[in-house]
Amino acid sequence: MAAETRSAGVTTTSVQTTAALLLVLLVGARAVTDDQLKIACSDMTPRHPGYKPENTKGIPCPYELTVDPSTPVVPGNLVNVTLTSIDRTLPFKGFMVQARDFNGQAIGTFLPACQNATQHHMISCSNGQEPYNAVVQSNNKYKLSDTFTWIAPLSLKGSIRFK
């Protein structure tokens, strides 16, 4: 599993990368409402009726989150974040991604996906100050990757982690 941690004001060439993808939900074909998704905001654990989180203890996560290395994470910057299946034979469906500060609070804002509007959309989780601080899958289709645009908050200080 892989996620990226970045410090505000540091260029991508000097950023340390850490592994931590917390959530890739496997959900069924039925629709899930934004209110149902918001229940998972605090701990990012899926709670869809009839489905349980994957048991991945001791198993390397087959997905990774990467931050575009050409964009520094600084206050106000737009940053592209990509969720990708490491194993091209193991697509995913159902996900939630957030950026969190060192206290675990959701920070920043995800932008609407003009070209990927049918792929994902934003929701506003109560564990964050900015609106649209999480991005979730919009359909029940399997995919190998999806890219989102995130705006770093103007008050950004310290490290962040995409989960």
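Under mature numbering (1 follows the signal peptide of the UniProt record, and there is no 0), residues -31 to -1, 1 to 132 are what the sequence shown spells out, in order. Each residue gets a CB set at the ideal place from its N, CA and C atoms; glycine is no exception. Bear in mind that the values here come from a model prediction, so they are computed numbers and not experimental data.
Range covered by the beta strand (DSSP E) that runs through Asn49 = Leu47 to Ser54
Going by Cα to Cα distance, which pick from Leu125, Thr78, Lys126 and Met91 is closest to Phe64?
-> Met91
State the CB to CB distance for the pair Ala121 and Cys94, rounded to an integer number of angstroms; the pair is presumed to be in contact (CB under 8 Å).
-> The C-beta distance from Ala121 to Cys94 rounds to 17 Å, too long to fall under 8 Å, and the pair is not in contact.
What did DSSP end up calling Thr14 once you bin it into helix, strand or coil?
-> coil
List the DSSP bridge partners of Ala103.
-> Under DSSP, the beta-bridge partners assigned to Ala103 are Gln67 and Ile92.
Close Cβ partners of Thr40 (< 8 Å) along its chain, the five nearest in sequence each way excluded = Thr(-20), Asn46, Leu47, Val48 and Asn49
So, Thr116 versus Thr51, is the Cβ gap smaller than 7 Å?
-> yes
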